[in-house]
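Remarks on the structure that follows.
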Amino acid sequence: MSKASTVRLLHAERCSVAEIAAVVGWKLCDVRWFIRTWIGGEI
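Here the sequence shown is numbered in the working numbering, starting from 1 and rising by one per residue.
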């Protein structure tokens, strides 16, 4: 599973941005950007 797929899955499961960042190894700002830009979801 790619990091992007992991972010999508965890976001759908209502995990926090901090939890998602810890799992995929991204900075918090990168996770927020990905959710806002590629998923179109609320943070």
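Backbone N, C-alpha and C define an ideal beta-carbon position, used for all residues, glycine too.
Check	Outcome
Using 7 Å as the threshold, is the C-beta distance between Val24 and Thr6 below it?	yes
Taking the alpha-carbon positions, what's the His11 to Ala22 distance?	13 Å
The alpha helix (DSSP H) with Ile20 in it runs from where to where?	17-24
If you run the structure through DSSP and keep just helix, strand and coil, what is Ser2?	coil
Residues in its own chain within less than 7 Å of Arg8 by CB, not counting five upstream and five downstream?	Ile39
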